[in-house]
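What follows is a set of notes on a single structure, which appears directly below.
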């Protein structure tokens, strides 16, 4: 069969060239009308929750913070899976929704679930916050502020510098969606 197609093509070269030109023109027209994304979204809609729990060990955070939030999010409509990463003083929980789910609706669902679970979380932790909407193509950078060994710079001074100077300067850079300082001791002003 292929031998017959080759022989016919060699005998009718003009028809083959005209057909090729017509197909190329048609392909160029269709290609120019097709919506093309340079960086297509490669992930399902994901909502990320960040919780800071100063002074708590990862095991405590896992039991008292991460597990209740994960349990609440697992039953939410449209959730495919819930993942978490717990460290010293913080936890990051990601809820992946089904493909095609509206991201704003997904964020609303997660916000409602966080309000429901807020009463069962320890009272001394900061309220859970939703991370900004970013795609998998976004770059995440971790920056650490350290003091030289033997210096008199306290963890509180480092955290204050991170909150009041570094965070504000990084957020003023174009393309930076959010900066979340974690760790150290937060400076507090109390009126008694």
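Residue numbers (the numbering used here): 356 to 547.
Glycine residues also receive a C-beta, built at the ideal position from the N, C-alpha and C atoms.
Query                                                                                                                                                 : Result
Please name the residue or residues paired with residue 452 in a DSSP beta bridge.                                                                    : 434
For residue 385, report the span of its beta strand (DSSP E) as first-last.                                                                           : Here residue 385 belongs to no beta strand (DSSP E); instead the alpha helix (DSSP H) covers 368–388.
Should residue 514 go down as buried or exposed, given a rule of 16 or more other Cβ atoms within 10 Å for buried?                                    : buried
Among 483, 381 and 402, whose alpha-carbon lies nearest the alpha-carbon of residue 306?                                                              : Since the first residue of the chain shown is 356 and the last is 547, residue 306 is not available in this structure.
Tell me which residue opens and which closes the alpha helix (DSSP H) that residue 516 is part of.                                                    : 510–516
Can you tell me which of 400, 496, 510 and 516 puts its alpha carbon nearest to the alpha carbon of residue 531?                                      : 496
Run through the DSSP bridge pairs and tell me what residue 439 is partnered with.                                                                     : 448
Are at least three pairs of beta-carbons, each pair with one atom in the region 406–421 and one in the region 464–479, less than 8 angstroms apart?   : yes
I need the straight-line Cα distance from residue 445 to residue 538, nearest angstrom please.                                                        : 8 angstroms
Have a look at the DSSP bridge pairing and note the partners of residue 406.                                                                          : 446
Cutting at 6 angstroms between CB atoms, please list the residues of its own chain near residue 401, excluding the five before and the five after it. : 449 and 451
Under the DSSP definition of a beta bridge, which residues are partnered with residue 485?                                                            : 404
Below 8 angstroms on the Cβ atoms is my guess for residue 464 versus residue 431; work out the distance and round it to an integer in Å.              : 5 angstroms
Roughly how many angstroms lie between the CA atoms of residue 403 and residue 447, to the nearest whole one?                                         : 7 angstroms
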